[in-house]
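Let me begin by presenting the structure, written as structure tokens, before commenting on it.
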Amino acid sequence: MASKRVLIVGGVAGGASCAARLRRLDEDAEIFIYERGPDVSFANCGLPYYIGGVIRGRQQLLVASPERFRDSFRIEVRARNDVQAIDCQAKTVAIRNVRTGAMSTDRYDALVLAPGAAPVRPPLPGIDLPGVFTLRNLEDADGIRSWIDQRDVTRAVIVGGGYIGLEMAENLQKRKLDVTLLEATEQLMPALDPEMATPLADALRRHGVEVRLGAPVTAIEEGADGTLQVIAAGTRYRAGAVILAVGVRPDVALARQAGLTIGECGGIRVDEQMRTSDPNVYAVGDAAEVRDAVTGEWTLIPLAGPANRQGRVAADAICGRPARFRGSQGTAVVGVCDLSAAVTGASEKTLSRCGRPYARSYIHSLHHAGYYPGAEPISMKTLFEPDTGRILGAQAVGRDGVEKRIDVMAMAIQKKATIWDLEEAELCYAPQYGSAKDPVNIAGFVAANTLRGDVEVVFWDEYHRRLAAGEPLPTIVDVRSNARVAATGIPGALRIPLGELRARLGELPRDEEIWLHCNVGQTSYLACRLLTQHGYRVRNLAGGIASFAQWPKPPGNGGAPAEAG
Numbered sequence: 331m332a333s334k335r336v337l338i339v340g341g342v343a344g345g346a347s348c349a350a351r352l353r354r355l356d357e358d359a360e361i362f363i364y365e366r367g368p369d370v371s372f373a374n375c376g377l378p379y380y381i382g383g384v385i386r387g388r389q390q391l392l393v394a395s396p397e398r399f400r401d402s403f404r405i406e407v408r409a410r411n412d413v414q415a416i417d418c419q420a421k422t423v424a425i426r427n428v429r430t431g432a433m434s435t436d437r438y439d440a441l442v443l444a445p446g447a448a449p450v451r452p453p454l455p456g457i458d459l460p461g462v463f464t465l466r467n468l469e470d471a472d473g474i475r476s477w478i479d480q481r482d483v484t485r486a487v488i489v490g491g492g493y494i495g496l497e498m499a500e501n502l503q504k505r506k507l508d509v510t511l512l513e514a515t516e517q518l519m520p521a522l523d524p525e526m527a528t529p530l531a532d533a534l535r536r537h538g539v540e541v542r543l544g545a546p547v548t549a550i551e552e553g554a555d556g557t558l559q560v561i562a563a564g565t566r567y568r569a570g571a572v573i574l575a576v577g578v579r580p581d582v583a584l585a586r587q588a589g590l591t592i593g594e595c596g597g598i599r600v601d602e603q604m605r606t607s608d609p610n611v612y613a614v615g616d617a618a619e620v621r622d623a624v625t626g627e628w629t630l631i632p633l634a635g636p637a638n639r640q641g642r643v644a645a646d647a648i649c650g651r652p653a654r655f656r657g658s659q660g661t662a663v664v665g666v667c668d669l670s671a672a673v674t675g676a677s678e679k680t681l682s683r684c685g686r687p688y689a690r691s692y693i694h695s696l697h698h699a700g701y702y703p704g705a706e707p708i709s710m711k712t713l714f715e716p717d718t719g720r721i722l723g724a725q726a727v728g729r730d731g732v733e734k735r736i737d738v739m740a741m742a743i744q745k746k747a748t749i750w751d752l753e754e755a756e757l758c759y760a761p762q763y764g765s766a767k768d769p770v771n772i773a774g775f776v777a778a779n780t781l782r783g784d785v786e787v788v789f790w791d792e793y794h795r796r797l798a799a800g801e802p803l804p805t806i807v808d809v810r811s812n813a814r815v816a817a818t819g820i821p822g823a824l825r826i827p828l829g830e831l832r833a834r835l836g837e838l839p840r841d842e843e844i845w846l847h848c849n850v851g852q853t854s855y856l857a858c859r860l861l862t863q864h865g866y867r868v869r870n871l872a873g874g875i876a877s878f879a880q881w882p883k884p885p886g887n888g889g890a891p892a893e894a895g
């Protein structure tokens, strides 16, 4: 039986993992990787940290060289060779040698497309000026480093507040540059819901980064002194370097030329075995359009973890194994100065757009035992089905232990676990690592309390909506102890500490709803249980003052700042 000839277009995560897996499964296969650039397998997630000097050596980012593929796997890497066309009928590809311009063809039994995604370059005046950069590969990173070093750049503007924008802002700030981050929308990190993204903007500002939200860039100009002028929302921002980080677009030019199906999200449509509309052609990585594991909708998830798994699935399918890609749930984490933010599963924005019913809960729990030094709060949001309690998504922000909890939630979502399962989750505990009631458990307790009917909740967006609309608010009671009540708090709130509540029931109206709050929602939950059993109609303001402090305030709504401590 003749050996298979497999051509892989693109390396990095999806293509490289596919090639290595293929060799482990089939010693006789002929495997070739075509890569238009010089580097076939590099850690693109580390590029901002290389620019910032955290990763000092360029060599550290090279995961596998062509020589390693050749010597360890008998895989031939043909770098600086650009695959420009596919003939699906003849099962051949046309290749241009980047160095010489010479054209050639190669045949395949199976073809794997891993072209990745290209940074979006919006059609703005001045977008092609020297000093305006995007970041996709090592050559881009080299260019940014060289520009900053050789020109002694002191000011930089980052356009876009997603993963790359946040990481570049942090790393350029570490290099002592004055950094301005411009984001067109009203929040950073679109993968998060707005109230969970607020702490990230606060962290950047604490570390000296100027953050401007609701500031779409309209033009970039060259100043008289040779610097750049970035114009956003009517304001000019001077910069020696501009980094465009407004998102990525799947590189589908080759697939489109070949007549392969392009999905509604703009990616190469694939099935569970990563096959495209041509059964001999596969697609993996950032260019592949896959199913969302939670909503079932088609989606693009440009993350290294899913790309690696897709590469393995494609290799298995080529070798006749019954593997399947179950879809992606977008599990990711980003570090921003002294904070980490992590997410898995569907966001509230996504569920609302899909019209899928959901409930939500918030907690603010310490990442390990409070009596052990160094305990830091984790703010966590959980989304779940209101009838079954199945977990749909989770987001968390904090200084420590964030990614651990979201990893647990990611596996819970994958296994279709419920909030009842979170209550019973048995997790590691020692005082320096966690608590007997881990934040994951507490997330389950708080969500389960609402489904059991033990407490009714109300959210701070409803508070702000009523304020903005000029609607009357119910009686709001602050049940924190006097020692924890800040000088500022919720305007007009009645302050009755939990310990005094039974003695002061007569101060509360029996003919209207009462909203209770404390610092994080726990003490007010106790107060809700007390008052409910005394016949009062009460609701708990979810997450307490800690959530109030991070909730985006509509302009002019009169919401006063509150202390979250």
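Using the numbering used here, you'd call the opening residue of the sequence shown number 331 and step up by one each time.
Just so you know, even glycine gets a beta-carbon here, dropped at the ideal spot from N, CA and C.
Integer Cβ distance of residue i from residue j, believed to fall under 8 Å
i: R410; j: P368; result: 6 Å
i: L861; j: L828; result: Incorrect: roughly 11 Å between the Cβ atoms, too far for contact.
i: F867; j: E843; result: In the sequence on display, residue 867 carries Arg and not Phe. Indeed they touch by this definition, with Cβ atoms about 5 Å apart.
i: G574; j: G473; result: With the sequence shown as reference, residue 574 is identified as Leu, and Gly is not the correct amino acid for it. With a Cβ gap of about 13 Å, L574 and G473 do not count as contacting.
i: E513; j: A486; result: With a Cβ gap of about 15 Å, E513 and A486 do not count as contacting.
With 16 other Cβ atoms within 10 Å as the buried cut-off, status of residue i
i: Q517; result: buried
i: P524; result: buried
i: T780; result: buried
i: A872; result: buried
i: L459; result: exposed
i: Q480; result: exposed
i: V624; result: buried
i: C758; result: exposed
i: A876; result: buried
i: D768; result: buried
i: K745; result: exposed
i: K679; result: exposed
Interface flag, residue i vs chain D, CB-CB below 7 Å
i: G589; result: Within the model displayed, chain D is absent; a lone protein chain is all it includes.
Residue i and residue j closer than 7 Å at C-beta
i: M710; j: A773; result: yes
i: V776; j: I693; result: yes
i: V413; j: V339; result: yes
i: F403; j: R353; result: yes
i: P761; j: A699; result: yes
i: P445; j: R466; result: no
i: Q863; j: P529; result: no
i: L443; j: L337; result: no
i: L722; j: G675; result: yes
i: P707; j: G728; result: yes
i: I416; j: A588; result: yes
i: I361; j: I405; result: yes
Helix, strand or coil at residue i according to DSSP, with G and I counted as helix
i: F775; result: helix
i: A571; result: strand
i: S695; result: strand
i: W477; result: helix
i: K711; result: strand
i: M934; result: Nothing can be reported for residue 934: it is not among the residues displayed for the chain, which extend from 331 to 895.
i: W628; result: strand
i: A724; result: strand
i: S333; result: coil
i: L803; result: coil
i: H847; result: strand
i: D318; result: The requested residue 318 does not occur in the structure, where the chain is confined to residues 331 to 895.
i: R729; result: coil
i: G886; result: Residue placement at G886 is poorly supported in this model, since its pLDDT is 39, which falls under 50; the coordinates still yield a value, given next. Coil, per DSSP.
i: V582; result: coil
i: F655; result: coil
i: P891; result: Because P891 sits at a pLDDT of 30, beneath the cut-off of 50, its placement in the model cannot be relied upon, and the following sentence gives the value as read from the coordinates. Note: P891 maps to coil in three-state DSSP.
i: N501; result: helix
i: R605; result: strand
i: F463; result: strand
i: F362; result: strand
i: G538; result: coil
i: N610; result: coil
i: D532; result: helix
8 Å Cβ shell around residue i - same chain, five flanking residues per side excluded
i: P885; result: Any reading at P885 is ruled out, since the residue's pLDDT is 49, under 50, leaving its predicted position unreliable.
i: N638; result: A343, G344, S347
i: L355; result: A645, D646, C649, R651
Spatial neighbours of residue i in its chain, beta-carbon cut-off 6 Å, leaving aside the 5 residues before and after
i: P687; result: P716
i: E551; result: G456, Q559
i: I749; result: F714, G719, G774, A777, A778
i: T422; result: T435, R437
Proximal residues to residue i (C-beta, below 7 Å), its chain only, five neighbours per side dropped
i: L507; result: V483, T484, R485, A486
i: W853; result: One detail in the question is off: residue 853 reads as Thr in this sequence, not Trp. Answer for T853: V809, R810, L828, listed in chain order.
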